[in-house]
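Heads up, my numbering is the position in the sequence shown plus 166, with the first residue counted as 1. Ideal Cβ positions, reconstructed from N, Cα and C, are used throughout, including at glycine. Source: prediction; values computed, not measured. Encoded as structure tokens, the structure appears first; notes follow it.
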Amino acid sequence: MTAATAQAPAGDLPKPRAHPTGVHATARLRATHNGRATTLPLLHSDGPFHLRRLRPRGEWARVCVLGAMSAPLGGDGLALDITAEAHTRLEVTTSAATIALRGSTTDPATYDVRLTVGEHASLHWLPRPLISTRDSTLHQTYRVELAATSRLLLREEQLLGRTAEPSGHLSTRLTVRRDGRPVLDQHTVYGAPAPAWDGPAVLGGHRATGQLLLVDPEPVPLPEPVLFGGPERGHCVLASLADDAALLATAVAPTPALLRDLLDAALAHASDAAASPARTGSASTRSVRGTGSSDE
167 MTAATAQAPA GDLPKPRAHP TGVHATARLR ATHNGRATTL PLLHSDGPFH
217 LRRLRPRGEW ARVCVLGAMS APLGGDGLAL DITAEAHTRL EVTTSAATIA
267 LRGSTTDPAT YDVRLTVGEH ASLHWLPRPL ISTRDSTLHQ TYRVELAATS
317 RLLLREEQLL GRTAEPSGHL STRLTVRRDG RPVLDQHTVY GAPAPAWDGP
367 AVLGGHRATG QLLLVDPEPV PLPEPVLFGG PERGHCVLAS LADDAALLAT
417 AVAPTPALLR DLLDAALAHA SDAAASPART GSASTRSVRG TGSSDE
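Structure representation (structure tokens):
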């Protein structure tokens, strides 16, 4: 006997499930203070993010974000949520550059970094550069919430295209609030179809750009903006923001190494200003000179 299988009409067949575009992942890190030292009760890795404890440096707990896969690719939705609770000292870095790639789709990727710093806490966010490659599209956002007595050092660097390669499309927005009030809301866009992004008013033909933001409860004396660099090395300006507890250094340079030199010079100048006799009772900015290494 032969068994016959009844076939359903074509219209009744289940439709194949659409394959989701991209990886969607959120890694979370929380630091607390137990009365003696900063501890890390939450290290939640996800997707391409693997969070690894590093050897503490003095009273600072340290974490490195390792890349477990290529990311961000087109269509990815990635997020890092980092909280430094009251009285903690936390430094977070990355093991290697973040490379934005097109992937198998032309859909944009998103990369959302959320930083929250509690009362009398300090956070250093010191990632390796972000590289925007040909045909990639990445929308990156930083959302920073600070308490009135928080201290922050935030450093970000971008390389627009690899060697002999045009840049992808990179949109980055940095929003910082302190005690509920806005400190900085900055939006920049690089790469086609943005107009004049590599012209003299923006990058001036340079391929590397970045900035350094310092926020401290005690204002750092900086009577006027300070310029660093020159025609061959690139340019950097260090200036106070409207909230006089915040300093911002913005730099452009031909190479990532020269960009790092300019931002290091700005950080050293800010550290010297913080250590001046006109400003007493705080060593927060002075302590950040020389940071940025991801070694153990």
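Look at the Cβ atom of T282, then the Cβ atom of E311, and state whether they are nearer than 8 Å. yes
Can you say whether E322 is buried or exposed, counting buried as having 16 or more other CB atoms within 10 angstroms of its CB? Per the 10 Å Cβ criterion, buried.
Determine the burial state of R208: buried for a count of at least 16 other Cβ atoms within 10 Å of its Cβ, exposed for fewer. One point to set straight first is that residue 208 is Leu, not Arg, in the sequence displayed. L208 comes out exposed.
Please report the distance separating the alpha-carbon of P359 from that of R328. 19 Å
Reference Q306; option with closest CA among A314, S288, R300, A266: A266
Neighbourhood of Q465 by C-beta distance below 8 Å, restricted to the same chain and skipping five residues each side: Residue numbering for the chain in the displayed model covers 167 to 462; residue 465 lies beyond these limits and cannot be assessed.
According to DSSP, is H286 part of a helix, a strand, or is it coil? Note: H286 maps to coil in three-state DSSP.
Go to D430, then tell me how far its alpha helix (DSSP H) extends in each direction, as first and last residue. 422-440
Give every residue of the same chain whose Cβ lies closer than 6 Å to the Cβ of G326, excluding the five residues on either side of it in the sequence, and list them in chain order. The question names Gly, yet the displayed sequence has Leu at residue 326. The residues are S298, S333, Y356, R373.
Proximity winner among P238, A439, D247, V418, relative to T192 (alpha-carbon distances): For T192, the nearest C-alpha among the options comes from D247.
Continuous beta strand (DSSP E) stretch holding G376: start and end: 374-381
Buried/exposed call for S442, threshold 16 Cβ in 10 Å: exposed
In angstroms with no decimal places, state the Cα-to-Cα distance between P238 and S261. 15 Å
Tell me the DSSP secondary structure of A237 in three-state form. Coil.
Alpha carbon to alpha carbon, what distance is there between A419 and L369? 8 Å
Three or more C-beta pairs closer than 8 Å, one from the segment 241-259 and one from the segment 269-278: is that the case here? yes
Please report the straight-line C-alpha distance between L407 and A234, rounded to a whole angstrom. The straight-line gap from Cα to Cα measures roughly 37 Å.
Leaving out five residues before and five after G346 in sequence, what residues of the same chain have Cβ atoms less than 7 Å from its Cβ? none
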